[in-house]
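Participant: There's a structure below that I have some questions on.
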Amino acid sequence: MIEEIGVITAVDKDHIWVETEIKTTCGGCQAQDNCGTGVVAKAFAPKKEKLILRCKQVASVGQRVKLGIEEDQLISASAIVYVLPLVIMIIAALGAQALLPSFGMEHEGWVIGASFFATLLSFKWVKRKATKDGDTKFQPKLLAILPAEEDMIVVKHSH
93 MIEEIGVITA
103 VDKDHIWVET
113 EIKTTCGGCQ
123 AQDNCGTGVV
133 AKAFAPKKEK
143 LILRCKQVAS
153 VGQRVKLGIE
163 EDQLISASAI
173 VYVLPLVIMI
183 IAALGAQALL
193 PSFGMEHEGW
203 VIGASFFATL
213 LSFKWVKRKA
223 TKDGDTKFQP
233 KLLAILPAEE
243 DMIVVKHSH
């Protein structure tokens with residue numbers, strides 16, 4: 093399971109709004125100060141992702157939460173978002189290249205147009221599937237509401 097810590101920004105009867113910071117790989121790299129990509133990544137403010145999650149537990153604004161998503165669900169979602177449109181584009185291009193000349197459309201612009209249109213439709217289908225109400229398969233789950241820092245007990249070891 094891939095886990096992430098977020099902060100509650102709003103609470104209502106049975107939902108919480110959680111904000112997480114989108115991390116770049118540059119943040120953990122030792123060469124980020126000497127790298128062009130690291131300089132560009134620093135130039136842009138860290139992006140925040142806002143999620144709405146169902147929550148039956150007592151929660152308050154500012155409290156931290158642990159979110160998680162299964163690895164296989166993340167891989168499936170990535171395949172649907174990245175691989176499926178690419179495969180659709182290739183199939184559409186090959187199909188258009190084979191079928192359109194029989195209709196007198198031999199210019200490669202028709203093949204490009206058909207590929208673009210099919211890819212656009214696949215992106216729209218992916219978006220509709222991802223935002224479908226009630227389908228939470230690819231959404232992170234609330235694993236735990238973490239205690240507030242003032243509620244934590246600090247244990248000091250003495251030698």
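In this text, residue positions in the sequence shown follow this note's numbering: the first is 93, and each later residue adds one. No residue lacks a Cβ here, since even glycine has one placed at the ideal position from N, Cα and C.
#1: Go through its chain and collect everything with a Cβ distance to Gln189's Cβ below 8 Å, but skip five positions before and after it.
#2: Whether or not the region 149-165 and the region 201-218 are in contact is what I'm after, with contact meaning three or more pairs of Cβ atoms, one per stretch, closer than 8 Å; do they touch?
#3: Give the straight-line distance between the Cα atoms of Lys158 and Asp104, rounded to the nearest whole angstrom.
#4: Quick one, which of Leu145, Trp217, Lys229 has its alpha-carbon nearest Tyr174's?
#5: Under a three-way DSSP split, which group does Ile108 fall into?
#6: Please say whether Glu113 and Val99 have beta carbons closer to each other than 7 Å?
#7: CA-CA distance, Gly187 and Glu200?
#8: Return the residue from the list Glu141, Met93, Val179, Cys147 that minimises the CA-CA distance to Leu234.
#9: Nearest CA to the CA of Gly205: which residue from Lys219, Ser194, Gly196, Ala185?
#10: Measuring only the C-alpha atoms, how far is Ile97 from Phe230?
Facilitator: Taking the definition as stated:
#1: The beta carbon of Gln189 sits closer than 8 Å to the beta carbons of Val203 from its chain, once the five residues preceding and following it are set aside; these are given in chain order.
#2: They do not touch, by the three-pair rule.
#3: For the pair Lys158 and Asp104, the Cα-to-Cα distance works out to about 18 Å.
#4: Comparing C-alpha distances from Tyr174 to each of Leu145, Trp217, Lys229 shows the shortest one belongs to Trp217.
#5: DSSP places Ile108 within a strand segment (E or B) once states are collapsed to three.
#6: Against a cut-off of 7 Å, the Cβ pair of Glu113 and Val99 comes out as no contact.
#7: Answer to the nearest angstrom: the Cα atoms are 13 Å apart.
#8: Checking every option, the nearest Cα to that of Leu234 belongs to Cys147.
#9: Ranking the options by Cα distance to Gly205, first place goes to Ala185.
#10: About 18 Å.
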